[in-house]
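Note sheet for the following structure.
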Amino acid sequence: MAEYINIRGQSIEVVASDPANPTIGQIWYNSTSNTLKGGGVTTAGAWATGGNLNSARAYLGGTGTQTAGLAFGGPAPVATGATEEYDGATWTTVNPLNTARFNLRGAGIQTAAVAFGGYIDPGGASAATEKYDGNSWTNSNNMNTAREYLAGAGTQTAALAFGGTPPPAGTGATEEYDGTSWTNSNSLNTARRILAGAGTQTAGLAFGGTPPVTGATEEYNGSTWTTSPGSLNTARRGLAGCGIQTAALAFGGDLDPGLTAATEEYDGSSWTTSPGSLNTARYVLVGAGTQTSALGFGGETTVQVANTEEWTGAGSPQTKTITAS
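In structure tokens:
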């Protein structure tokens with residue numbers, strides 16, 4: 024009978040650098056660091072510091088993924104059209120929005136994004152819509168309802184916009200974008216502003232906001248909004264969100280009064296508070312990416328900040344160094 028050592032061999036792969044995408048259980052020896060390593064998974068979600076934005080700002084818009092983020096617009100009270108791209112390590116300044124504004128929202132990916140709404144000073148709430156192709160912004164048809172402090176979700180050719188202000192108490196107005204024009208849809212059940220969103224045009228998610236500060240969560244099915252039985256554990260406004268309707272992430276925000284770094288995960292029915300909080304508590308920041316691989320950037324503490332943080336969720340692949348016990 025063949026012995027295990029003869030079947031499997033006794034050599035561990037020796038490499039100068041760690042594999043880019045190791046599988047769970049894979050073992051190798053890194054000859055550069057002289058360490059034995061293996062592929063595992065994270066046991067708890069955590070935030071790590073990323074590269075700062077070139078321009079500190081809050082009340083901005085953004086979209087994309089953890090390794091390909093896009094930031095645009097902000098800060099208050101002096102509007103900008105400044106746009107930056109993130110490559111997973113650093114931000115690079117690129118061509119600006121045609122209409123400088125803050126309190127806007129966005130959807131899509133780094134090479135195919137859409138920015139909408141916001142506030143122009145002077146001028147008030149804006150209905151302006153622009154599309155980004157990875158190089159420059161092009162004006163598109165305006166939203167039906169000019170507004171700021173709204174939320175967004177979806178893609179460049181299938182975006183969703185909801186909530187915002189005016190009026191001061193917030194609106195439930197919802198619109199769908201097809202890559203060319205906006206169409207009105209059914210309103211949120213709870214009118215609000217400074218809320219967060221996630222998901223797609225046919226499976227959207229709205230959570231948080233004000234007034235009053237709420238943790239209310241609603242799900243959109245492409246036609247109507249339904250109130251979820253699960254509200255955020257920490258009611259807040261000015262928070263960030265990302266992910267999909269059945270696997271979303273909420274983080275940061277204003278408790279009114281007081282800022283929070285709390286992070287929560289949504290499973291399609293309820294929110295669970297994660298032990299991993301943002302390193303910098305702040306509000307009116309932006310979220311992008313997925314529930315297990317998110318990006319948070321910008322925002323305000325007592326001042327507007329350039330901080331960027333990267334989230335790795337529980338169960339995500341992770342390289343671990345093996346040491347003797």
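Residues 24 to 348 (this note's numbering) make up the sequence shown, in order. A virtual CB, placed ideally from N, CA and C, is assigned to each residue, including glycine. Just so you know, these numbers come straight off a predicted model, no measurement behind them.
In chain order, what residues of the same chain have a beta carbon less than 6 angstroms from the beta carbon of residue i, not counting five sequence neighbours either side?
i      : result
GLU36  : TRP51
THR106 : PHE95, VAL117 and PRO119
THR223 : GLY177
ALA123 : ALA102, THR103 and GLY104
THR161 : LYS154
ALA284 : SER300, LEU301 and ALA304
TYR243 : GLY227
What separation, rounded to the nearest whole angstrom, lies between the Cα atoms of residue i and residue j?
i      : j      : result
ASP110 : GLY92  : 7 angstroms
ALA181 : TRP248 : 17 angstroms
TRP334 : PRO119 : 27 angstroms
PHE185 : GLY68  : 29 angstroms
ALA239 : PRO42  : 43 angstroms
LEU83  : LEU218 : 13 angstroms
PHE139 : ASN44  : 36 angstroms
LEU228 : THR55  : 46 angstroms
PRO252 : SER34  : 54 angstroms
ALA192 : ASP156 : 35 angstroms
SER210 : GLY245 : 12 angstroms
LYS154 : THR113 : 23 angstroms
ALA148 : SER300 : 33 angstroms
SER40  : ASN53  : 6 angstroms
GLN268 : PRO145 : 36 angstroms
PRO98  : LEU308 : 11 angstroms
GLU241 : GLY232 : 12 angstroms
THR90  : ALA79  : 20 angstroms
ASP290 : ALA270 : 5 angstroms
ALA130 : ILE143 : 20 angstroms
ALA151 : GLY141 : 8 angstroms
Could you give the DSSP three-state label for residue i: helix, strand or coil?
i      : result
GLN327 : strand
ASN75  : coil
SER40  : coil
ASP201 : coil
TYR350 : Outside the displayed span of the chain (24 to 348) sits residue 350, for which this structure offers no information.
SER246 : coil
SER297 : coil
ARG31  : In this predicted model, ARG31 has a pLDDT of only 46, less than 50, meaning its place in the structure is not dependable enough to derive any value.
GLY275 : coil
GLU26  : Because GLU26 sits at a pLDDT of 49, beneath the cut-off of 50, its placement in the model cannot be relied upon, and the following sentence gives the value as read from the coordinates. GLU26 falls in the coil class under three-state DSSP.
ALA135 : strand
ASN212 : coil
ASN121 : coil
GLY220 : strand
ALA81  : coil
LEU255 : coil
Residues in its own chain within less than 8 angstroms of residue i by CB, not counting five upstream and five downstream?
i      : result
THR88  : ILE132, GLN133, ALA311, GLY312, THR313, SER316 and LEU318
GLU287 : LEU255, ASN256, THR257, LEU272, ALA273, PHE274, TRP294, THR295, THR296 and SER297
Provide the residue span of the beta strand (DSSP E) that contains residue i, from first to last.
i      : result
TYR52  : 50-53
GLY175 : 174-178
GLU107 : 106-109
GLY319 : 316-320
ASN162 : 160-163
GLY238 : Looking at the DSSP string, GLY238 is not in any beta strand (DSSP E), and its letter there is neither H nor E.
LEU183 : 181-185
GLY227 : 227-230
LEU93  : 92-95
Leaving aside the five residues before and after residue i along the sequence, list all residues of the same chain whose C-beta is less than 7 angstroms from its C-beta, in chain order.
i      : result
LEU76  : ALA94, GLU107, TRP114, PHE320, GLY321, ALA329 and THR331
ASP277 : ARG259, ARG260, GLY261 and TYR306
ALA174 : ARG128, PHE185, GLY186, LEU218, ALA219, GLY220 and ALA229
ASN167 : GLU198, TRP205 and ASN207
ILE30  : Low per-residue confidence applies at ILE30: pLDDT is 42, beneath 50, and the placement is therefore not dependable, though the value from the model is reported in the following sentence. Around ILE30: no qualifying Cβ.
* To do: Indicate whether the contact test is met: 3 or more Cβ pairs, each with one atom in the region 254-271 and one in the region 195-209, closer than 8 angstroms.
  => no
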